[in-house]
DNA sequence: CGATGTATTGATGTGGATCAAAATAAGTGG
DNA sequence: CCACTTATTTTGATCCACATCAATACATCG
């Protein structure tokens with residue numbers, strides 16, 4: 001990565017794709033660059049959406065606390081992902097989830113006014129935001145479908161497998177994922193107990209290896225046929 | 227309603243709001259006007275999205291067939307609602323649900339090329355689409371939450387109550403909703419059997435009255451405290 | 001009055017949540 | 001390096017809301 005990796009990343013980001021390089025530079029220049037500490041909360045659900053974030057480094061979890069005390073993990077964001085889209089709307093809006101850094105990282109941050117000023121002369125920006133938003137709809141729809149007619153093992157296997165592709169790191173022995181059971185459970189809509197039991201079973205079968213706070217997928221194919 | 231009610235409706239529609247009257251006229255003029263027969267399928271999930279629809283009259287159900295054979299009702303659309311947003315994207319995309327007219331009605335229809343041609347000089351159109359899309363995200367998130375920590379009775383009560391507000395017709399005795407049990411069930415993520423039993427219970431308690439294919443909400447407040 | 005779709009009913013079954021408690025690992029500070 | 005604290009993961013027992021199944025009853029309509 002170049003010393004200023006943000007521009008490269010920007011090119012691959014859904015948000016800034018399709019804009020020409022000069023405009024991208026302007027937009028990136030208008031952002032504040034913010035270091036993220038592990039555990040840092042960037043925005044909280046139901047608070048007024050004042051900022052738009054583009055993740056550059058590290059992972060961020062997007063979650064929604066629900067009445068029963070549990071938390072639902074909406075998704076794990078990786079570099080290039082964006083959140084706080086809602087602040088592109090002219091009408092005041094609230095964040096739809098809570099974003100929390102899972103590890104040290106970095107992000108570009110625009111405030112509402114700036115975003116809207118940038119969007120006016122660059123309609124492609126709004127179009128990109130629409131694409132991102134529709135992708136989120138598709139993601140929710142898929143998850144809802146899984147909840148309707150997939151078993152807990154299937155949901156967990158999918159969640160794990162998806163995580164591997166999205167944010168796993170290749171290692172000689174397989175794909176390593178830094179996540180704890182509770183988060184994985186919240187992502188797959190399964191209880192932590194069931195998660196523990198299933199992971200153990202898969203470990204016995206040689207499909208995964210686990211440490212505290214991480215899972216190594218040894219044989220991805222051995223997961224799904226359950 | 228004026229002989230040409232579509233313009234009035236357009237003003238209240240999320241899609242065309244915020245555009246000035248002249249532009250609205252142009253956009254509406256660019257659409258084909260299509261009569262809908264009950265049961266008519268307007269678009270099917272996973273087929274290429276070639277058209278954008280704005281409902282003028284009647285109701286349309288948006289559903290997603292799932293593996294197990296069931297159908298999930300995503301929502302019931304009412305006049306002013308829009309679907310097929312995905313065809314605003316430049317990249318070819320697929321419909322995310324199947325739209326079927328629940329009764330005779332009418333809709334404005336644009337094809338992909340036209341929509342995109344209209345959107346270019348009118349960025350507000352894309353911004354409106356973004357707002358609609360984000361509202362869908364919120365809706366899915368709420369439904370997911372309900373599925374996580376609300377009981378079947380609660381989900382059904384909410385679904386019914388929401389339907390009443392959105393597409394019920396006031397009558398001297400209460401709010402009348404033309405929907406059959408199976409659809410209501412598919413909207414609340416509850417089985418038809420449970421739906422039947424709960425509706426009966428509520429009828430005994432005087433909260434609702436039911437006929438075949440319709441439900442009359444007599445006392446909305448008597449629903450939720452269950 | 002069949003015929004077809006819709007709604008009801010009762011009996012049965014079960015997946016996975018929940019609960020309480022223990023075991024394990026990872027700090028932390030003396 | 002050890003004793004202590006705290007967070008994570010595990011284990012086994014229990015339970016229950018709701019789906020599922022198999023019929024039956026009820027409307028509606030040509």
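Residue numbers (the working numbering), protein chains in the order written: chain W, 1 to 226; chain A, 227 to 452. The beta-carbon is built from N, C-alpha and C at its ideal position, and this holds for glycine as well. Since we're looking at a predicted model, the values are computed, not measured.
Quick one: give me the first and last residue of the beta strand (DSSP E) that residue i is part of.
| i | result |
| --- | --- |
| residue 292 of chain A | Here residue 292 of chain A belongs to no beta strand (DSSP E), and DSSP marks it neither H nor E. |
| residue 189 of chain W | From DSSP, residue 189 of chain W is part of no beta strand (DSSP E); its letter is neither H nor E. |
| residue 403 of chain A | 400–403 |
| residue 78 of chain W | No beta strand (DSSP E) holds residue 78 of chain W; DSSP gives it neither H nor E. |
| residue 99 of chain W | 98–101 |
| residue 406 of chain A | Where residue 406 of chain A is concerned, there is no enclosing beta strand (DSSP E), given that its DSSP letter is neither H nor E. |
| residue 280 of chain A | 277–283 |
Can you list the residues of chain A that residue i reaches, using a CB-CB cut of under 8 Å?
| i | result |
| --- | --- |
| residue 126 of chain W | 349, 352, 353 and 356 |
| residue 112 of chain W | None at all; the shortest Cβ gap to chain A is about 14 Å. |
| residue 224 of chain W | Neighbours of residue 224 of chain W on chain A: none; closest Cβ ~14 Å, over 8 Å. |
On the DSSP letters alone, give me the boundaries of the alpha helix (DSSP H) that residue i sits inside.
| i | result |
| --- | --- |
| residue 340 of chain A | 338–345 |
| residue 315 of chain A | Unbroken run through residue 315 of chain A: none, as it is neither H nor E. |
| residue 212 of chain W | That residue, residue 212 of chain W, is in no alpha helix (DSSP H); it is neither H nor E in DSSP. |
| residue 193 of chain A | Coverage of chain A is limited to positions 227 through 452, which leaves residue 193 of chain A absent and any answer about it impossible. |
| residue 22 of chain W | 21–29 |
| residue 38 of chain W | Note, residue 38 of chain W: premise wrong, no alpha helix (DSSP H); not H, not E. |
| residue 125 of chain W | 123–149 |
Give the residues of chain W in contact with residue i, contact being defined as C-beta atoms less than 8 Å apart.
| i | result |
| --- | --- |
| residue 298 of chain A | 144, 145 and 148 |
| residue 312 of chain A | 134 |
| residue 315 of chain A | 127, 130, 131 and 134 |
Quick one: which chain A residues come within Cβ less than 7 Å of residue i?
| i | result |
| --- | --- |
| residue 67 of chain W | 375 |
| residue 96 of chain W | 363, 364 and 367 |
Going along the chain, which residues of its own chain have a beta-carbon closer than 8 Å to the beta-carbon of residue i, five neighbours each way excluded?
| i | result |
| --- | --- |
| residue 203 of chain W | 209 and 210 |
| residue 15 of chain W | 54, 82, 125, 128, 129 and 132 |
| residue 47 of chain W | 94 and 95 |
| residue 394 of chain A | 401, 402, 403 and 443 |
| residue 389 of chain A | 302, 403, 405, 410 and 413 |
| residue 399 of chain A | 435, 442 and 444 |
For residue i, which residues in chain W fall below 7 Å Cβ to Cβ?
| i | result |
| --- | --- |
| residue 359 of chain A | 130, 133, 134 and 137 |
Using a C-beta to C-beta distance shorter than 9 Å, which residues of chain A count as neighbours of residue i?
| i | result |
| --- | --- |
| residue 64 of chain W | 367, 370 and 371 |
| residue 189 of chain W | 370, 373 and 374 |
Use the C-beta contact count for residue i: other C-beta atoms within 10 angstroms, 16 or more gives buried, fewer gives exposed.
| i | result |
| --- | --- |
| residue 61 of chain W | buried |
| residue 79 of chain W | buried |
| residue 267 of chain A | exposed |
| residue 3 of chain W | Bear in mind that a pLDDT of 48 at residue 3 of chain W, under 50, signals an unreliable position, so the model cannot answer this. |
| residue 75 of chain W | buried |
| residue 19 of chain W | buried |
| residue 239 of chain A | buried |
| residue 32 of chain W | exposed |
| residue 213 of chain W | exposed |
| residue 432 of chain A | exposed |
| residue 142 of chain W | exposed |
| residue 69 of chain W | exposed |
Considering only residues of the same chain and omitting the five flanking positions on each side of residue i, which have a CB-CB separation below 6 Å?
| i | result |
| --- | --- |
| residue 227 of chain A | Because the pLDDT at residue 227 of chain A is just 42, under 50, the model does not fix this residue reliably, and the point stays unresolved. |
| residue 100 of chain W | 41 and 61 |
| residue 270 of chain A | 324 |
| residue 51 of chain W | 84, 109 and 111 |
| residue 215 of chain W | 177 and 208 |
| residue 200 of chain W | none |
| residue 420 of chain A | 378 |
| residue 424 of chain A | 379 and 382 |
Please determine whether the Cβ atom of residue i lies at a distance below 7 Å from any heavy atom of the ligand MG.
| i | result |
| --- | --- |
| residue 48 of chain W | With respect to the ligand MG, the structure offers nothing, as it holds no ligand at all. |
I'd like the list of long-range same chain contacts for residue i, defined as Cβ closer than 7 Å, with 5 residues on each side in sequence excluded.
| i | result |
| --- | --- |
| residue 322 of chain A | 271 and 312 |
| residue 191 of chain W | 185 |
| residue 415 of chain A | 373 and 381 |
| residue 114 of chain W | 30 |
| residue 72 of chain W | 63, 64, 66 and 186 |
| residue 23 of chain W | 122 |
* Three-pair Cβ contact test at 8 Å for the region 148–162 of chain W versus the region 113–125 of chain W -> no
* Okay, do the region 64–73 of chain W and the region 82–90 of chain W touch, 3+ Cβ pairs below 8 Å being the bar? -> no
* Cβ contact (3+ pairs, closer than 8 Å) linking the region 255–267 of chain A and the region 330–342 of chain A -> yes
* Touching by the beta-carbon criterion (3+ pairs, under 8 Å), the region 391–407 of chain A and the region 351–367 of chain A -> no
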